[in-house]
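Engineer: Shown below is the structure under consideration.
Residue numbers (the working numbering), protein chains in the order written: chain A, 22 to 381; chain B, 2 to 388.
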């Protein structure tokens, strides 16, 4: 752990940074020797340099007072990112690694502050690929106003990992008075999403190029900290908030319904879904409600605050296409119900296993 | 979505629903039991549940979910053969996605994959052929599955493999054909069916003529139907109209896709490559004569059943499983003794619980709303809040 800080020492002493000349990562880049210092100084330092990291200790140390100014509780989370392909329209594994953890923090209403970055690199990964991923992490961290303050790098033999895995953990501070929980949905509450659903899942499917089709859909991968801050400002008493990643909207709504012991009723006609995404789903027999998103949240708010939260969301770039999609009901035995554009009702259950494309 | 939303118009649905109710009550006055209409194709089953179509129909009309889900009628022994093929050391086993979870007697392809077998999901048999080109030293087997809908693409792939001389590609053929199966259902002594919704995609290939015996020999109406909700409602209305007027004919609601003579090019490819098997086993229905196809001798080199030694065992369905009764329309999925308990989408005992087109999975996923009566409660005030 923390080889990143250790090897940062020469950089802060004013001597020129070491540079990495190898075109591919090999096992020596994880050995702790010179090659590893080349890698870390050249690839990581520029991206993540900051005073805490530059303290060059085995751990990041923060003054508690800084936290206390922002709120009264810490939020702490971790996530590991494995995606194939590493790069896809609208993002890459680096964007995901920062945005994913930032969003997990933000869903508690927390202000995201610090991240760690653990990399597992498969021997043979082109150095250029790593550089691109780290550049994306840097850009996304800047956008999300978070700092990467500690890290670790491992290189494993060919086949022991698939190209590049990234783990990030994050710390944020929850403002006083904010109590967001999946258990707090109440009948009458309103369900809001912050924009088009299923973009990420579709972009990944298309990028894998197994279908031989092209469409303009890009991943929605984005940090949501700023959006959540504006929502909390408009309504500190947001009841539930969760990002609709794996398993999509349907999964999050089912989690809310189950945890809060309520029913949820949504309207198909209100769901923001792009025509291209609908089209891809029609062809493959997939359901956009279950497709992954990487920059979409589902909020449950008191009905009398719904319009002001919606207005606050729409004023943010990440919430421009926000929409009210349904409401919480007392019909807890029904679970999540979709009122279709066709006029019928159907149950939207939890997904079982992976969504598998239909035969015909 | 243009060209799709038009077939999901709620206003037209309401209008059709009223006409169906009027017809049904006219017919119902002279009958004691509900009208039973079999939707042959799993795609229809899926639409019926996905759009809540039964909520537009009066109680006098019941859907009987037919055998047209190719994944659902696959017998366990054939899945075991798939697993055996996939576990051969040099084989890459390629399959459509939804066949991966079908339980064999010991495991599914998904579990075989987790155990180390090289099982790959493809979207078309041509993808499998491409894998064969890219891996000349491995044997690539494609799991050919489905009715006449998917048969032509498999046939074209085999023709292509032969034309290019790709020796490491073969087909594990489980294609089945719908007409003998419909005849077997109609021959059953306990038949209660009043009419059929005919399969749309199958008919796009075979046309509407092969169904004529249903009208002429069995005096049952059949309407070839599309898959959008309005298609299904309109087809139900057409079946009812035939019954009300005392007619039994083959009618084509899906004329925008299905020509009377089908697709001659596809038929030619199928005929060139495949021949009828004397019998083929269906899960839950038993063996049906002339209901399966296999590769002709001229294409034996591409036949996985001849190329590899397969266990080829018949495996009885679990005793508690009532898939057969559901397939024949004798019971509803929820009436099966293991529905939702021992058999659920997480741990399917029977294949009907596996595919999204399977009647049991559809009931489990979408259909519980019908039994809870919630669909009939007054609409909530969601619209006002959102406005």
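All C-beta atoms in this analysis are idealised placements derived from N, C-alpha and C, irrespective of residue type, glycine included.
Which of the residues in the region 85–109 of chain A, read from start to end, lie with their CB under 9 Å from any CB of chain B?
Structural biologist: Within the region 85–109 of chain A, no residue has a Cβ that lies closer than 9 Å to any Cβ of chain B.
Engineer: Between residue 54 (chain B) and chain A, is there a C-beta pair that is closer than 8 Å?
Structural biologist: Here residue 54 (chain B) corresponds to residue number 53 of the second chain, with the count starting at 1. Residue 54 (chain B) counts as touching chain A.
Engineer: With residue 312 (chain A) and residue 237 (chain A) assumed to form a contact (beta carbons below 8 Å), what rounded beta-carbon distance in angstroms separates them?
Structural biologist: As a working note, residue 312 (chain A) is residue 291 in the first chain. As a working note, residue 237 (chain A) is residue 216 in the first chain. At roughly 16 Å, the Cβ-Cβ gap does not stay under 8 Å, so residue 312 (chain A) and residue 237 (chain A) are not in contact.
Engineer: Per DSSP, what kind of secondary structure is residue 28 (chain B) in: helix, strand or coil?
Structural biologist: Position 27 of the second chain holds residue 28 (chain B). If DSSP states are grouped into helix, strand and coil, residue 28 (chain B) belongs with the helices.
Engineer: Contact defined as beta carbons within less than 8 Å: I believe residue 158 (chain A) pairs with residue 115 (chain A). What is the distance between those atoms, to the nearest angstrom?
Structural biologist: Position 137 of the first chain, counted from the start, is the residue given in the question as residue 158 (chain A). Position 94 of the first chain, counted from the start, is the residue given in the question as residue 115 (chain A). Yes, residue 158 (chain A) and residue 115 (chain A) are in contact; Cβ-Cβ is about 4 Å, under 8 Å.
Engineer: So which residues on chain A does residue 2 (chain B) lean against when the C-beta distance must stay under 8 Å?
Structural biologist: For this step, residue 2 (chain B) is matched to residue 1 along the second chain. Within 8 Å Cβ-Cβ: 296, 299, 300, 303.
Engineer: In or out: residue 304 (chain A) buried (at least 16 other Cβ within 10 Å) or exposed?
Structural biologist: As a working mapping, residue 304 (chain A) is identified with position 283 in the first chain. Burial call: exposed.
Engineer: Quick check on residue 366 (chain B) - is its C-beta less than 8 Å from some C-beta in chain A?
Structural biologist: Within the second chain, numbered from 1, the residue matching residue 366 (chain B) stands at position 365. By this cut-off, residue 366 (chain B) is an interface position.
Engineer: Kindly list the residues whose CB is nearer than 7 Å to the CB of residue 342 (chain A), restricted to its own chain and excluding five residues on each side of it in sequence; keep chain order.
Structural biologist: Residue numbering aside, residue 342 (chain A) sits at position 321 when the first chain is read from its first letter. Result list for residue 342 (chain A): 216, 217, 293, in chain order.
Engineer: Give me the subset of the region 363–374 of chain A whose CB atoms are less than 7 Å from a CB atom of chain B, sorted by chain position.
Structural biologist: Listed by position along the chain: 363, 364, 365, 366, 367, 368, 370, 373, 374.
Engineer: With a threshold of 8 Å between beta-carbons, can residue 90 (chain B) be considered close to chain E, or not?
Structural biologist: Checking the listed chains, one finds no chain E in this structure; the protein chains it contains are A and B.
Engineer: Using a Cβ cut-off of 7 Å, pull out every chain B residue sitting near residue 361 (chain A), in sequence order please.
Structural biologist: Within the first chain, numbered from 1, the residue matching residue 361 (chain A) stands at position 340. Neighbours of residue 361 (chain A) on chain B, chain order: 52, 53.
Engineer: Tell me where the beta strand (DSSP E) around residue 141 (chain A) begins and ends.
Structural biologist: Numbered from 1 along the first chain, position 120 holds the residue referred to as residue 141 (chain A). Per DSSP, residue 141 (chain A) belongs to the beta strand (DSSP E) from 132–143.
Engineer: Where does residue 332 (chain B) fall in DSSP's three states?
Structural biologist: Stepping through the second chain from its first residue, residue 332 (chain B) is reached at position 331. Three-state result, residue 332 (chain B): coil.
Engineer: With a CB to CB cut of under 6 Å and the five nearest residues on each side skipped, what residues in its chain are close to residue 22 (chain A)?
Structural biologist: Against the first chain, residue 22 (chain A) aligns to sequence position 1. In this prediction, residue 22 (chain A) scores a pLDDT of 40, lower than 50, which makes its location untrustworthy; no coordinate-derived value is stated.
Engineer: At the 8 Å Cβ level, is residue 114 (chain B) part of the contact set with chain A, yes or no?
Structural biologist: Reading the second chain from its first residue, position 113 is the one you call residue 114 (chain B). No, its Cβ sits nowhere closer than 8 Å to a Cβ of chain A.
Engineer: So that I know if they touch, is there some Cβ in chain A lying closer than 8 Å to that of residue 5 (chain B)?
Structural biologist: Sequence index remark: in the second chain, residue 5 (chain B) carries index 4 (1-based). Yes - at least one Cβ of chain A is within 8 Å of the one on residue 5 (chain B).
Engineer: Quick check: is the beta carbon of residue 9 (chain B) nearer than 8 Å to any beta carbon in chain A?
Structural biologist: For this step, residue 9 (chain B) is matched to residue 8 along the second chain. Yes, its Cβ sits closer than 8 Å to a Cβ of chain A.
Engineer: Tell whether a beta-carbon distance below 8 Å holds between residue 311 (chain B) and residue 159 (chain B).
Structural biologist: For the purposes of this step, residue 311 (chain B) is taken as residue 310 along the second chain, with counting starting at 1. For the purposes of this step, residue 159 (chain B) is taken as residue 158 along the second chain, with counting starting at 1. Not closer than 8 Å, so no.
Engineer: Considering only C-alpha positions, which residue in the set B:2, B:4, B:17 is nearest to residue 233 (chain B)?
Structural biologist: By one-based count along the second chain, residue 233 (chain B) stands at place 232. It is B:17.
Engineer: Select from the region 12–26 of chain B all residues with a C-beta closer than 8 Å to any C-beta belonging to chain A, and list them in chain order.
Structural biologist: So the list reads 14, 15, given in the order they occur along the chain.
Engineer: Is there a Cβ from chain A that is less than 8 Å from the Cβ of residue 230 (chain B)?
Structural biologist: To locate residue 230 (chain B), count along the second chain from 1; it is residue 229. Interface residue, yes.
Engineer: I want to know whether the region 307–321 of chain A touches the region 181–198 of chain A - three or more CB-CB distances under 8 Å.
Structural biologist: Touching, no, given that fewer than three Cβ pairs across the two stretches are closer than 8 Å.
Engineer: What is the DSSP secondary structure of residue 281 (chain A), reduced to helix, strand or coil?
Structural biologist: Along the first chain, read from residue 1 onward, the residue named residue 281 (chain A) stands at position 260. Helix at residue 281 (chain A).
Engineer: Here's the rule I'm using: 16 or more other beta-carbon atoms within 10 Å means buried, otherwise exposed. How should residue 93 (chain A) be labelled?
Structural biologist: Here the question's residue 93 (chain A) lines up with position 72 in the first chain. Residue 93 (chain A) comes out exposed.
Engineer: Between which residues of its own chain and residue 316 (chain A) is the CB-CB distance below 7 Å, once the five residues before and five after are set aside?
Structural biologist: Locating residue 316 (chain A) in the first chain gives position 295, counting from the first residue. Answer for residue 316 (chain A): 120, 241, 242, 243, 245, 339, listed in chain order.
Engineer: Between residue 69 (chain A) and residue 169 (chain A), how many whole angstroms is the CB-CB distance? I'm expecting something under 8 Å.
Structural biologist: To locate residue 69 (chain A), count along the first chain from 1; it is residue 48. To locate residue 169 (chain A), count along the first chain from 1; it is residue 148. Confirmed, Cβ separation roughly 4 Å.
Engineer: Under a CB-based cut-off of 8 Å, is residue 320 (chain A) close to chain B?
Structural biologist: Position 299 of the first chain, counted from the start, is the residue given in the question as residue 320 (chain A). Cβ-Cβ to chain B under 8 Å: no for residue 320 (chain A).
Engineer: Compute the Euclidean distance between the alpha carbons of residue 376 (chain B) and residue 35 (chain B), then round it to the nearest angstrom.
Structural biologist: Stepping through the second chain from its first residue, residue 376 (chain B) is reached at position 375. Stepping through the second chain from its first residue, residue 35 (chain B) is reached at position 34. In this prediction, residue 376 (chain B) has a pLDDT of 30, which is less than 50 and means its spatial position is unreliable; what the coordinates show is noted afterwards. Residue 376 (chain B) and residue 35 (chain B): Cα-Cα distance of roughly 21 Å.
Engineer: Could you say if the region 89–98 of chain B and the region 110–123 of chain B meet the contact criterion of at least three C-beta pairs nearer than 8 Å?
Structural biologist: Yes: the two stretches touch, three or more of their Cβ pairs being nearer than 8 Å.
Engineer: Taking C-beta pairs closer than 7 Å, name the residues in chain A that residue 144 (chain B) reaches, listed in chain order.
Structural biologist: The residue given as residue 144 (chain B) occupies position 143 in the second chain. Those do not exist, as residue 144 (chain B) stays about 10 Å from chain A at its closest Cβ, beyond 7 Å.
Engineer: Is there contact between the region 197–204 of chain B and the region 38–56 of chain B, where contact requires at least three CB pairs shorter than 8 Å?
Structural biologist: Yes, the region 197–204 of chain B touches the region 38–56 of chain B.
Engineer: Between the alpha carbons of residue 371 (chain A) and residue 269 (chain A), how many angstroms are there, rounded?
Structural biologist: On the first chain, position 350 is the one that residue 371 (chain A) refers to. On the first chain, position 248 is the one that residue 269 (chain A) refers to. Distance between the alpha carbons of residue 371 (chain A) and residue 269 (chain A): 10 Å.
Engineer: List, from N- to C-terminal side, the alpha helix (DSSP H) runs of 4 residues or more that fit wholly inside the region 237–291 of chain B.
Structural biologist: Runs of the alpha helix (DSSP H) inside the region 237–291 of chain B: 265–274.
Engineer: Would you call residue 361 (chain A) buried or exposed, if buried means 16 or more other Cβ atoms sit within 10 Å of its Cβ?
Structural biologist: By 1-based counting over the first chain, the position of residue 361 (chain A) is 340. It is buried - the Cβ of residue 361 (chain A) has at least 16 other Cβ atoms within 10 Å.
Engineer: Anyone know if the C-beta pair for residue 187 (chain A) and residue 140 (chain A) falls short of 8 Å?
Structural biologist: Counted from its first residue, the first chain places residue 187 (chain A) at position 166. Counted from its first residue, the first chain places residue 140 (chain A) at position 119. Yes, Cβ-Cβ distance for residue 187 (chain A) and residue 140 (chain A) is below 8 Å.
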